[in-house]
Amino acid sequence: MKVRKLIVLVTTLTLLCGGVAYADSVSQKLRVLINNKKSDEVADGGIIVDNKLYVASQVVSDRLQAIVVREDGKAIVYKPNVHMVTNVGPKIFAGVNKNDKIKFNTFIQVDSLKLDISALKLTIADPYGDEVLIEQRKSGDGNFPDGKSDFWITVEDISYTFDKAGAYTLRFSVRPVGESSFKVISEKTITSQ
29 MKVRKLIVLV TTLTLLCGGV AYADSVSQKL RVLINNKKSD EVADGGIIVD
79 NKLYVASQVV SDRLQAIVVR EDGKAIVYKP NVHMVTNVGP KIFAGVNKND
129 KIKFNTFIQV DSLKLDISAL KLTIADPYGD EVLIEQRKSG DGNFPDGKSD
179 FWITVEDISY TFDKAGAYTL RFSVRPVGES SFKVISEKTI TSQ
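By the count of the working numbering, the sequence shown reaches residue 221 at its end, each step adding exactly one.
(1) Among Leu148, Ala103, Val124 and Ile218, whose alpha-carbon lies nearest the alpha-carbon of Trp180?
(2) Where does Ser89 fall in DSSP's three states?
(3) Excluding the 5 residues preceding and the 5 following Ile104 in the sequence, name in chain order all residues of the same chain whose CB lies nearer than 6 Å to its CB.
(4) In this structure, what does DSSP give as the bridge partners for Val116?
(5) Under DSSP, the beta strand (DSSP E) around Ile172 begins and ends at which residues?
(6) Enumerate in chain order the residues of its own chain whose CB-to-CB distance from Lys126 is below 8 Å, with the five nearest sequence positions on each side excluded.
(7) Report yes if the C-beta distance between Lys129 and Asp185 is below 7 Å; otherwise report no.
(8) In angstroms with no decimal places, state the Cα-to-Cα distance between Gln137 and Asn109.
(9) DSSP three-state call for Lys176: helix, strand or coil?
(10) Taking Tyr20 as the reference, which of Tyr196, Lys30 and Asn115 has the closest Cα?
(11) At the level of alpha carbons, what is the spacing between Phe135 and Asp144?
(12) From the beta carbon of Val110, is the nearest beta carbon of chain C less than 7 Å away?
(13) Since Ile76 contacts Ile213 with CB under 8 Å, what's their CB separation in whole angstroms?
(14) Using a 10 Å radius around the Cβ and a threshold of 16 neighbouring Cβ atoms, would you call Val160 buried or exposed?
(15) Whole angstroms is fine: what's the gap from Asp174's alpha carbon to Glu207's?
(16) Assuming the contact rule is C-beta atoms closer than 8 Å, Val60 and Val87 should be a hit. Round their C-beta distance to whole Å, please.
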C-alpha cells in the first residue's frame with residue numbers, strides 16, 4: 029500500500045513540475061525598450077506566447093503617444109501625426125539660456141486624428157517633472173476643432189521662466205469623447221543650458 033502511494037505521489041509531482049516547465053517555455057515575459065534606450069525600458073511590458081509578441085496597450089499608449097481604445101472585443105490604436113513649433117516672433121527656437129524669461133507661442137499642426145475628441149490641452153514640464161497648464165480648450169469653444177481630423181492651432185503667447193538647466197517638455201494632449209482622462213499625443217523638448 030505504501031509503495032502504491034509513493035508511486036502516485038512521485039508521478040503527480042513529476043507531472044506538476046513538467047507542466048510548470050512547459051508553461052514557462054510557452055510564454056515568456058519581456059522587457060520592452062523604446063528606441064533601444066535603457067531609460068525608456070518597461071519591465072514586463074510585453075510577452076511572447078507561441079512565438080507571437082504581445083505588447084501591453086499601456087506601453088503603446090504612453091510611450092508611443094498613441095490612443096488605444098477598447099471596444100467590442102477589439103483594441104483600436106489611433107496614432108495621429110502631430111508637429112509642434114515654438115517661436116518668439118518670427119524666430120523658431122528649441123534652446124534657451126538658464127534663467128531666461130521668454131514670451132513665446134506654440135504652433136501645433138495635427139493630421140490624421142481619426143477619433144472624436146472632447147478637449148485638448150498644452151502643458152510644459154520642467155526638468156523635475158513639475159507641470160504647468162499653458163492652454164486648454166473643450167468642445168463647443170469657438171476655437172475648438174470640433175469634428176475635424178486635420179487642424180492647426182496657434183496657442184496664445186505665454187511668458188515662462190526657464191529657471192533650471194535641463195530638458196523642458198511641452199506636451200500636447202487630447203481627451204477622446206467618452207473618456208475621462210487626457211492622452212499625450214505629442215511632445216517637444218526645449219533645452220535650457
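Beta carbons: idealized from backbone N, C-alpha and C, even for Gly.
Straight from the coordinates:
(1) Leu148
(2) Three-state result, Ser89: helix.
(3) These residues qualify, in order along the chain: Val97.
(4) Lys119
(5) Correcting the residue identity first, residue 172 is Phe in this sequence and not Ile. Taken as a continuous stretch (DSSP letters only), Phe172 belongs to no beta strand (DSSP E), as it is neither H nor E.
(6) Phe190, Asp191, Lys192, Ala193, Ser220 and Gln221
(7) no
(8) One Cα belongs to Gln137, the other to Asn109, and the distance between them is close to 8 Å.
(9) coil
(10) Given that the chain is displayed from residue 29 to residue 221, the structure contains no residue 20 and the question cannot be resolved.
(11) 21 Å
(12) As a matter of chain content, chain C is missing from the structure shown, which is built from one protein chain.
(13) About 28 Å separates the two Cβ atoms, so there is no contact after all.
(14) exposed
(15) 16 Å
(16) 6 Å
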